[in-house]
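Written below as structure tokens is the structure these notes are about.
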Amino acid sequence: MNPLDLAGYIVKHCLNTNQEISNLQLQKILYFVQLQSLMNADDFSVAIMPEAEFEAWKFGPVIKDVYYAYSINAGLPIYKVSDGCSMIDNVPKYVDKVVDHSLTLDPWDLVKISHREGGAWRKTYIPGSKLTIPNDEIIADSHSLKVSLI
2 MNPLDLAGYI VKHCLNTNQE ISNLQLQKIL YFVQLQSLMN ADDFSVAIMP EAEFEAWKFG
62 PVIKDVYYAY SINAGLPIYK VSDGCSMIDN VPKYVDKVVD HSLTLDPWDL VKISHREGGA
122 WRKTYIPGSK LTIPNDEIIA DSHSLKVSLI
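For the sequence shown, the positions run 2 to 151 when my numbering is used.
Written out as structure tokens, the structure reads:
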């Protein structure tokens, strides 16, 4: 699945359910959805977004294209789906569950989860850089979660 299209689906879901979502939250949720899709896998080709490249930015994993598509909102809630999205409706049921659960948490708690000791972001992040998080580290991160994200 294309990350920008999945991001559009998540934003649309939030708008339809009257839940506010910021770009920061969207980035963390995309990462958590990716982790959820890999929890029982050892092959990145089975990930919901096999082509996604997450970069290790200051506040956690980021898909650069999605970030810039929604950066006009700055830290405010996203009020519309980006023009670059193709609308999709057929996503695995866990996507909505990850979104809804994540939005019950404070945005900075989402950052803490993505920054946890031993996680892929922590192993990759170097202050001032935006390195791509290796797929094998993301797979390991999904396996290291003690509980499901939903």
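The beta-carbon is built from N, C-alpha and C at its ideal position, and this holds for glycine as well.
Determine the DSSP secondary structure at Pro78, reduced to helix, strand or coil.
-> In this structure, Pro78 counts as coil in the three-state DSSP scheme.
Count the other CB atoms, across all protein chains shown, that sit within 10 Å of the CB of Leu5; report buried if there are 16 or more and exposed otherwise.
-> Answer is buried; the Cβ neighbour count reaches 16.
Proximity below 9 Å, CB of Ile49 to CB of Gln26 = No, Cβ-Cβ distance for Ile49 and Gln26 is not below 9 Å.
At which residue ranges does the stretch 38-93 contain complete beta strand (DSSP E) runs of 3 or more residues, listed in the order of the chain?
-> Complete beta strand (DSSP E) runs here, min 3: 56-58, 61-63.
Compare the C-beta of Pro62 with all C-beta atoms of chain D and state if any pair is closer than 9 Å.
-> Note that chain D does not occur in the displayed structure, where there is just one protein chain.
Between Met2 and Ser143, is the Cβ-Cβ spacing less than 9 Å?
-> By the CB criterion at 9 Å, Met2 and Ser143 fall outside the cutoff.
Using three-state DSSP, classify Thr133 as helix, strand or coil.
-> Correct three-state label for Thr133: strand.
Which runs of the beta strand (DSSP E), 3 residues or longer, sit entirely within the stretch 95-126?
-> Not a single unbroken stretch of the beta strand (DSSP E) spanning 3 or more residues falls wholly within the stretch 95-126.
Does DSSP classify Ser23 as helix, strand or coil?
-> Shown here, Ser23 sits in coil according to DSSP, grouped into three states, outside any helix or strand.
Counted within 10 angstroms of its Cβ, other Cβ atoms place Ala75 as buried (16 or more) or exposed = Counting Cβ neighbours within 10 Å, Ala75 comes out exposed, since fewer than 16 surround it.
Buried versus exposed, by CB contacts within 10 Å (16 or more), Pro128 = With fewer than 16 Cβ atoms within 10 Å of its Cβ, Pro128 is classed as exposed.
Identify the continuous alpha helix (DSSP H) that holds Leu5 and give its terminal residues.
-> Unbroken alpha helix (DSSP H) run through Leu5: 4-17.
Please classify Leu146: does DSSP put it in a helix, a strand, or coil?
-> Secondary structure at Leu146: coil, using DSSP grouped into helix, strand and coil.
Keeping to the same chain, check which residues put their C-beta closer than 8 Å to that of Asp101; ignore five residues upstream and five downstream.
-> When the five nearest sequence neighbours on each side are left out, the beta carbons in the same chain lying within less than 8 Å of the beta carbon of Asp101 are those of Thr18, Gln20, in order along the chain.
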